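Report on the following structure.
Residue numbers (my numbering): 970 to 1516.
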């Protein structure tokens, strides 16, 4: 995930709040033409109109309100006024907004219905559909012909859709944000643009980057849905690279995330335990880290080797990282080398650092500086899921790199990955998986980082939000967050010729003690030679070792 990459040194960050509209307009505007026709709601005999908002005015979802309000405030170039229920409206919309809130007879809670796109009059319904068809698909489209035929034969078109709308409006009236997100994702998946647009309008009133965990996650997931509907997911990633915080701020955000999310410490600690166990009797060791970031993972290992009976070994670390990580570090890999060298010197540990400034996908044997007489360990912590596999590229770097590493005959190879299935899943099941996974993650953050913490929004936006948007909005090579379950990783390692290596029981006990400092809702399980860290009933991270 990008969060882990940032934690270890990436400068890939997102700046959703306070972006000038012109900078985000490219991914905030859907491909279809603006739908500004008035459509009449089924809840009123007066035919009180509402307007589907101009896309460019309301597609910036993350200009969100504070936790105590569920309505979003949008950064729009148009004049903004507010409706009686507190929702922002453009100047054009406010002119046609009824000052008396309308209620549906099916809406027992009496909440205003501003999203129903059904009319009571069949002739008017036909006319509105034809207008929408012309706006969206051109004057020669015949998509509505089947509906015309149904109307002429006496079929009640309203009844064909009312059950679905009643269910959705019931979910909205109950304030069930999760189910509204799911309904919106289903509409996007089905290319039901009108339904998706209406639900997005509702979601903008329900999400908040400073609210409950589901409200905060919902804000970022809505942003992903908007970008996907506009076919501009990649535009977000490209635009946001220009909106990174200062490198010192980025380091601060990553440090906070490391402290509040137990799964980072869990992953690095379990990997270090396996490496220390495998190399405990070696005099010269070489560790290849495929995503070294800040190099923080190796501080505790160097200290452990310094205390080894009989003296420490000679340690050489090869740090791999692409150029995008340099921003968060404030410079190249030489910064990491100097930092670790200084630490090793203070503990009287013989140390060398070898920099390989490149993406893991670009690595060849000659880049690794392998020497005879050194015991080799290779570390894959939160990095392999970024490498494209056979479903993305015929080169299949994910398996190629594993075969390359196996050819080096390492003493141990460590794998730490998110326990999530988003690699080859189609959009809608991928959305559901992302929603469930990150709900658990945001809930865990809520336990250790107070909701009113001034940096919490920055941590979630810069370290987590971009991952969520990428998973939802992007496809093909542009979707870089491609997680797999441990069962799939196990198959890949086995096909590359690896066999399982047992994890350290001492380290497992240490991790259990660590979790007690966080929350009793974290759980640690050992299954089939691997460790799983979970939040309540959801696995978050899996760790294992191979040889």
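Cβ atoms here follow ideal geometry from the backbone N, Cα and C, with glycine treated the same way. Just so it is clear, the structure is predicted and the values come from calculations on it, not from any experiment.
Mind checking if residue i is an interface residue toward chain D, Cβ cutoff 7 Å exclusive?
i: residue 1469; result: Protein chains in the displayed structure number just one, and chain D is not present.
With H, G and I counted as helix, E and B as strand and the rest as coil, what does DSSP make of residue i?
i: residue 1453; result: coil
i: residue 1156; result: helix
i: residue 1200; result: coil
i: residue 1193; result: helix
i: residue 1020; result: At residue 1020, the pLDDT of 37 sits below 50, so the modelled position is not reliable and the matter cannot be decided from this model.
i: residue 1258; result: strand
i: residue 1512; result: strand
i: residue 1391; result: coil
i: residue 1494; result: strand
i: residue 1281; result: coil
i: residue 1187; result: helix
i: residue 1400; result: helix
i: residue 1236; result: helix
i: residue 1323; result: strand
i: residue 1506; result: coil
i: residue 1349; result: strand
i: residue 1381; result: strand
i: residue 1357; result: coil
i: residue 1535; result: Because the chain here runs from 970 to 1516, residue 1535 falls outside it and cannot be looked at.
i: residue 1253; result: strand
Take residue i and list the residues in its own chain whose beta-carbon comes closer than 7 Å to its own, dropping the five residues that flank it on each side.
i: residue 1158; result: 1396, 1397
i: residue 1243; result: 1381, 1383, 1470, 1472, 1473, 1514
i: residue 1164; result: 1156
i: residue 1518; result: The displayed coordinates of the chain run from 970 to 1516. Any statement about residue 1518 would go beyond what the structure contains.
i: residue 1316; result: 1271, 1272, 1275
i: residue 1454; result: 1388, 1390
i: residue 1411; result: 1182, 1185, 1186
i: residue 1153; result: 1165, 1168, 1169, 1172, 1194
Please report how far the alpha carbon of residue i lies from the alpha carbon of residue j, in whole angstroms.
i: residue 1476; j: residue 1241; result: 9 Å
i: residue 1354; j: residue 1423; result: 31 Å
i: residue 1404; j: residue 1181; result: 14 Å
i: residue 1365; j: residue 1508; result: 27 Å
i: residue 1479; j: residue 1407; result: 26 Å
i: residue 1459; j: residue 1167; result: 43 Å
i: residue 921; j: residue 1494; result: Not covered by the structure: residue 921. The range shown for the chain is 970 to 1516.
i: residue 1451; j: residue 1357; result: 8 Å
i: residue 1198; j: residue 1160; result: 8 Å
i: residue 1185; j: residue 1284; result: 43 Å
i: residue 1267; j: residue 1320; result: 12 Å
i: residue 1230; j: residue 1426; result: 15 Å
i: residue 1457; j: residue 1501; result: 15 Å
i: residue 1196; j: residue 1140; result: 24 Å
i: residue 1504; j: residue 1362; result: 34 Å
i: residue 1255; j: residue 1318; result: 14 Å
i: residue 1401; j: residue 1151; result: 7 Å
i: residue 1521; j: residue 1228; result: This structure does not reach residue 1521, given that the chain is present from 970 up to 1516, and the question cannot be answered.
i: residue 1421; j: residue 1192; result: 23 Å
i: residue 1148; j: residue 1314; result: 56 Å
i: residue 1506; j: residue 1280; result: 43 Å
i: residue 1248; j: residue 1337; result: 19 Å
For residue i, collect the residues of the same chain with a Cβ closer than 6 Å to its Cβ; drop the 5 residues on either side in sequence, then sort them by chain order.
i: residue 1399; result: 1391
i: residue 1330; result: 1356, 1366
i: residue 1328; result: 1291
i: residue 1416; result: 1488
i: residue 1462; result: 1515
Counting C-beta neighbours from all protein chains within 10 Å, is the total for residue i 16 or more, i.e. buried, or is it exposed?
i: residue 1311; result: exposed
i: residue 1258; result: buried
i: residue 1239; result: buried
i: residue 1419; result: exposed
i: residue 1143; result: exposed
i: residue 1236; result: buried
i: residue 1171; result: buried
i: residue 1341; result: exposed
i: residue 1360; result: exposed
i: residue 1351; result: buried
i: residue 1448; result: buried
i: residue 1512; result: buried
i: residue 1232; result: buried
i: residue 1439; result: buried
i: residue 1260; result: buried
i: residue 1278; result: exposed
Once the 5 residues before and after residue i are set aside, which same chain residues still bring their CB inside 8 Å of it?
i: residue 1334; result: 1373, 1376, 1377
i: residue 1485; result: none
> Does the count of Cβ pairs from the stretch 1427-1446 and the stretch 1222-1230 closer than 8 Å reach three?
Replying inline: Flag = yes, the stretch 1427-1446 and the stretch 1222-1230 touch.
>> Between the stretch 1313-1328 and the stretch 1339-1348, can you find at least three pairs of beta-carbon atoms closer than 8 Å?
In response: Too few Cβ pairs lie closer than 8 Å, so no.
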